[in-house]
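Novice: Numbering (the numbering used here), first residue to last: 2 to 52. Where is the CB? At the ideal position from N, CA and C, for every residue including glycine.
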Amino acid sequence: VADKNGATSIPGVFAGGDIVTGAATVILAMGAGKVAARSIHQYLMGDGHTE
């Protein structure tokens, strides 16, 4: 299960795309992937929390 930023309950593990939105449209999956990518970037840059 991922939060609104794509972060899962396992530190450093993020989810995006169809795994988050389910069998939705490509546009929704891309949006979820973009949110997760932003959170992953913040995590890797040392900002462990995501907004």
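Below 6 Å CB to CB, which residues in the same chain sit around glycine 93 once its five sequence neighbours on both sides are set aside?
Specialist: Since the displayed the chain opens at 2 and closes at 52, residue 93 lies outside it and no answer follows.
Novice: Looking at alanine 3 and glycine 18, is the spacing between their C-beta atoms short of 8 Å?
Specialist: no
Novice: Residues in the same chain with beta-carbon distance under 6 Å from glycine 7, minus the five sequence neighbours each way, listed in chain order, please.
Specialist: Phe15, Ala16, Gly17, Val36, Ala37 and Ser40
Novice: Give me the Cα-Cα distance between isoleucine 20 and serine 10, rounded to the nearest whole angstrom.
Specialist: 15 Å
Novice: In whole angstroms, what is the alpha-carbon distance linking glycine 13 and tyrosine 44?
Specialist: Distance between the alpha carbons of glycine 13 and tyrosine 44: 7 Å.
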